[in-house]
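Just so we're aligned, residue 2 is where the sequence shown starts under the numbering used here, counting upward by one. From the three backbone atoms N, C-alpha and C, an ideal C-beta is built for every residue, glycine too. Take a look at the structure set out below.
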Amino acid sequence: MYKILIKFKDKLCKMKFNQKVTIFFILSILITNIFIVLAVYQLAGKQITEKSSGLMEGQFETINDNLDSTLKNFVEISSMISSDSRAKEFLMNNKETSKNYNNDTSEAYSSIRYILDSNNYIDYIALVKFNGPELVYVGETWTNSDFRGEILKDYENSTPTKFINCKISMDKKVFYPDEYVLNIYQPISDKYIFNKYTGFLVIGIGEKHIKEFYTNLGRELKVQTYLTDKIGTIISNEDKDLIGIKSSYAQILKQKSGKEKIDNKVVIYEKLNNLDWYIVGEIPRESLLKDTRTVISFIILWIIVTGVIISIGFYKFSKNLYRPMDTLVKKMREVSTGNLEARMEYKYQGKDFKQLASGFNIMIEEINILMYRIKKEQSEIKQIELNKLQSQIKPHFLYNTLECIHWKALSDGNKEVSQMVKALANYYRLCLSKGKDIIPLIQELENIENYLIIQNMRYSDIAKCEVNIDKSFENVLIPKLTLQPLIENSIYHGIRVKDGYKGKIIITAKEDDNKIIISVADNGVGMKQEQIDEINNSISVFDEKAGYGLRNVHKRIEMLFGSGYGLFYRKNEYDGTTVDILLPKGERD
Numbered sequence: 002m003y004k005i006l007i008k009f010k011d012k013l014c015k016m017k018f019n020q021k022v023t024i025f026f027i028l029s030i031l032i033t034n035i036f037i038v039l040a041v042y043q044l045a046g047k048q049i050t051e052k053s054s055g056l057m058e059g060q061f062e063t064i065n066d067n068l069d070s071t072l073k074n075f076v077e078i079s080s081m082i083s084s085d086s087r088a089k090e091f092l093m094n095n096k097e098t099s100k101n102y103n104n105d106t107s108e109a110y111s112s113i114r115y116i117l118d119s120n121n122y123i124d125y126i127a128l129v130k131f132n133g134p135e136l137v138y139v140g141e142t143w144t145n146s147d148f149r150g151e152i153l154k155d156y157e158n159s160t161p162t163k164f165i166n167c168k169i170s171m172d173k174k175v176f177y178p179d180e181y182v183l184n185i186y187q188p189i190s191d192k193y194i195f196n197k198y199t200g201f202l203v204i205g206i207g208e209k210h211i212k213e214f215y216t217n218l219g220r221e222l223k224v225q226t227y228l229t230d231k232i233g234t235i236i237s238n239e240d241k242d243l244i245g246i247k248s249s250y251a252q253i254l255k256q257k258s259g260k261e262k263i264d265n266k267v268v269i270y271e272k273l274n275n276l277d278w279y280i281v282g283e284i285p286r287e288s289l290l291k292d293t294r295t296v297i298s299f300i301i302l303w304i305i306v307t308g309v310i311i312s313i314g315f316y317k318f319s320k321n322l323y324r325p326m327d328t329l330v331k332k333m334r335e336v337s338t339g340n341l342e343a344r345m346e347y348k349y350q351g352k353d354f355k356q357l358a359s360g361f362n363i364m365i366e367e368i369n370i371l372m373y374r375i376k377k378e379q380s381e382i383k384q385i386e387l388n389k390l391q392s393q394i395k396p397h398f399l400y401n402t403l404e405c406i407h408w409k410a411l412s413d414g415n416k417e418v419s420q421m422v423k424a425l426a427n428y429y430r431l432c433l434s435k436g437k438d439i440i441p442l443i444q445e446l447e448n449i450e451n452y453l454i455i456q457n458m459r460y461s462d463i464a465k466c467e468v469n470i471d472k473s474f475e476n477v478l479i480p481k482l483t484l485q486p487l488i489e490n491s492i493y494h495g496i497r498v499k500d501g502y503k504g505k506i507i508i509t510a511k512e513d514d515n516k517i518i519i520s521v522a523d524n525g526v527g528m529k530q531e532q533i534d535e536i537n538n539s540i541s542v543f544d545e546k547a548g549y550g551l552r553n554v555h556k557r558i559e560m561l562f563g564s565g566y567g568l569f570y571r572k573n574e575y576d577g578t579t580v581d582i583l584l585p586k587g588e589r590d
């Protein structure tokens with residue numbers, strides 16, 4: 002993406018002014034319209050979401066009322082049966098002790114059979130004794146041999162409701178394990194002792210009947226509606242595989258009703274009036290925004306068509322506006338090819354372009370004047386270069402003459418004179434360095450070697466020099482004649498003042514952060530710390546008469562590489578003095 006932006010920027014920079022203005026205009030319209038479309042999309046989406054959510058909430062209230070009404074009806078039926086004397090007689094009497102047991106059983110069966118036949122929602126009704134294996138059952142035939150045991154266990158685990166003595170449970174059918182049923186339980190008391198319960202009534206309503214209340218709800222919006230218990234476990238759903246699984250949004254079921262936006266869905270829930278159940282609806286935002294996107298697509302198409310028409314018109318307008326500028330560009334191109342006689346006509350131009358054209362013509366006149374001056378100055382520079390070349394003949398003549406003396410002394414057998422003259426000739430040759438001011442460190446070290454040959458012959462081997470420098474530093478660039486003044490200073494002010502003392506000079510190099518440090522250490526008389534501090538503080542003061550002295554060396558390094566580089570004096574472990582030359586790390590030949 003970054004590379005694409007760079008390429009676009011490069012192409013944009015190379016375009017004509019009118020093209021740039023047109024592109025800027027198009028981008029401005031495009032960006033503005035994008036923000037407008039996004040704002041419309043967000044606003045419309047929000048309004049549609051609120052409207053659809055409100056509609057769903059109203060439908061949920063209706064479903065709640067219908068479920069509540071149906072549940073109340075079943076509770077009333079269970080209360081009616083539980084107060085029926087025929088049901089009480091059956092639950093009270095024992096088969097072995099009651100003479101009318103068969104008649105009581107038949108009467109109880111008839112009473113609940115009538116209720117089952119008159120209500121399509123009820124799958125089964127049963128009267129179950131607490132003490133005794135007998136029961137009266139009407140409804141679907143079960144295959145489970147322990148129906149009584151299973152129904153007793155479900156009764157014990159059932160949940161109390163707001164209705165008196167009424168309990169409910171939602172579990173798999175005893176008969177068909179792949180189906181679910183709502184069991185409504187009503188305990189039945191003894192006919193003569195009110196607080197003594199002899200058994201209970203169970204009315205089974207299939208889950209398939211319960212979901213009829215919400216199955217077709219929000220079909221056009223692809224709403225997924227289901228019922229959960231108080232902890233969020235799904236107890237009724239069109240997809241049977243989801244029953245018994247905890248809802249993904251169980252954590253939001255905290256109030257009587259509510260609405261949340263989660264995972265690109267609008268989740269609406271409402272608690273049933275007389276049960277700790279919730280009806281939950283999940284509406285995908287995709288379906289809510291379907292109509293909005295159709296409108297937005299039409300708006301985008303309209304923007305594209307009108308944008309193209311406006312852009313073409315603006316391009317033609319800007320091209321006409323740019324024509325004087327285009328003329329100026331063409332004249333500038335003529336000037337760039339060497340035609341300094343090019344001039345602009347501005348008779349029919351506007352005030353601003355007249356000023357621009359006039360300025361162009363004045364600029365060309367100034368260029369012609371400057372060209373004349375430059376030609377004159379170039380002629381003078383050539384004369385200066387010739388004088389400089391002639392001045393270099395003298396040092397060339399000097400070290401060539403020294404070479405002749407060297408060979409003459411060598412032929413006469415005077416090796417000491419020959420060696421000294423040869424060292425002096427090499428010294429001058431390296432000092433010249435083909436006119437270069439900055440040379441590799443290896444050349445500077447060769448110069449020191451020649452200088453020390455002369456000094457040791459003059460002062461009877463006064464100083465021995467050790468060069469401990471890694472080959473990786475040999476191509477480090479250093480100003481010419483940097484080390485020689487330091488070596489000379491060590492000999493004359495450090496080593497020579499010690500009577501009969503043979504001195505030692507050590508040259509090293511190392512890297513430290515972004516600097517290269519070349520150190521020249523001697524074992525001469527050394528200096529006090531006050532003297533060293535004074536030198537370090539005053540060394541930056543440039544002295545034109547110093548020649549290649551210490552201050553001159555420091556100032557040249559500072560001028561070439563900037564502040565922070567140069568010479569720095571310190572004491573060393575040999576009781577002498579060390580000079581550190583600080584150079585930039587990246588300067589190599």
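Residue i and residue j closer than 9 Å at C-beta
i, j, result
"Phe286", "Val267", "In the sequence on display, residue 286 carries Arg and not Phe. Cβ distance < 9 Å, so Arg286 and Val267 count as in contact."
"Ile82", "Leu202", "yes"
"Ile496", "Cys466", "no"
"Thr1", "Thr226", "For the chain, the structure presents residues 2 to 590; residue 1 sits outside this window and is missing."
"Leu68", "Ile185", "no"
"Ile244", "Ser237", "yes"
"Phe164", "Leu128", "no"
"Tyr125", "Tyr138", "yes"
"Ile116", "Ile78", "yes"
"Tyr250", "Ile232", "no"
"Thr483", "Asp523", "no"
"Gly525", "Gly550", "no"
"Ile488", "Leu442", "no"
"Lys272", "Gln252", "no"
"Gly282", "Phe61", "yes"
"Asp85", "Asn94", "no"
"Ile479", "Ile439", "yes"
"Gly207", "Glu180", "yes"
"Phe25", "Ser312", "no"
"Pro486", "Asn573", "no"
Boundaries of the alpha helix (DSSP H) in which residue i is found, first to last residue
i, result
"Asp155", "Phe148 to Asn158"
"Phe1", "Because residue 1 is not part of the residues shown, which for the chain are 2 to 590, the question remains open."
"Ile536", "Gln530 to Ser539"
"Thr106", "Tyr102 to Asp118"
"Tyr452", "Leu442 to Arg459"
"Asn490", "Leu484 to Ser491"
Backbone CA spacing between residue i and residue j [nearest angstrom]
i, j, result
"Arg571", "Lys437", "31 Å"
"Val38", "Ile269", "28 Å"
"Gln598", "Ile463", "Since the first residue of the chain shown is 2 and the last is 590, residue 598 is not available in this structure."
"Lys516", "Tyr460", "36 Å"
"Ile113", "Thr199", "17 Å"
"Leu341", "Asn369", "7 Å"
"Asp576", "Phe562", "31 Å"
"Val309", "Thr33", "15 Å"
"Leu446", "Asp513", "21 Å"
"Gly345", "Ser359", "Checking the sequence shown, residue 345 turns out to be Met, not Gly. So the two alpha carbons sit approximately 8 Å from each other."
"Asn275", "Asn103", "38 Å"
"Trp303", "Val296", "11 Å"
"Asp191", "Lys209", "35 Å"
"Met372", "Ile449", "48 Å"
"Tyr566", "Asn476", "18 Å"
As assigned by DSSP and simplified to three states, the class of residue i
i, result
"Met171", "strand"
"Leu584", "strand"
"Tyr549", "In this predicted model, Tyr549 has a pLDDT of only 45, less than 50, meaning its place in the structure is not dependable enough to derive any value."
"Lys4", "helix"
"Lys377", "helix"
"Asp362", "The residue you asked about is not Asp; residue 362 is Asn in the sequence shown. Helix at Asn362."
"Ile439", "strand"
"Gly527", "coil"
"Gly1", "Outside the shown range of the chain (2 to 590) lies residue 1, about which nothing can therefore be said."
"Ala40", "helix"
"Gly133", "coil"
"Val22", "helix"
"Asp471", "coil"
First and last residue of the uninterrupted beta strand (DSSP E) at residue i
i, result
"Tyr570", "Gly567 to Lys572"
"Trp138", "Here residue 138 is Tyr; the residue named in the question, Trp, does not match the sequence. Segment Leu136 to Gly140, the beta strand (DSSP E) holding Tyr138."
>> Ignoring anything shorter than 4 residues, give me the alpha helix (DSSP H) runs that lie fully in the segment 266-338, in order along the chain.
In response: Counting only runs of 4 or more, we get 286-289 and 291-337.
>> Going residue by residue through the segment 174-256, where are the continuous alpha helix (DSSP H) segments of at least 4 residues, counting only ones entirely within it?
In response: Qualifying alpha helix (DSSP H) stretches, in chain order: 208-211.
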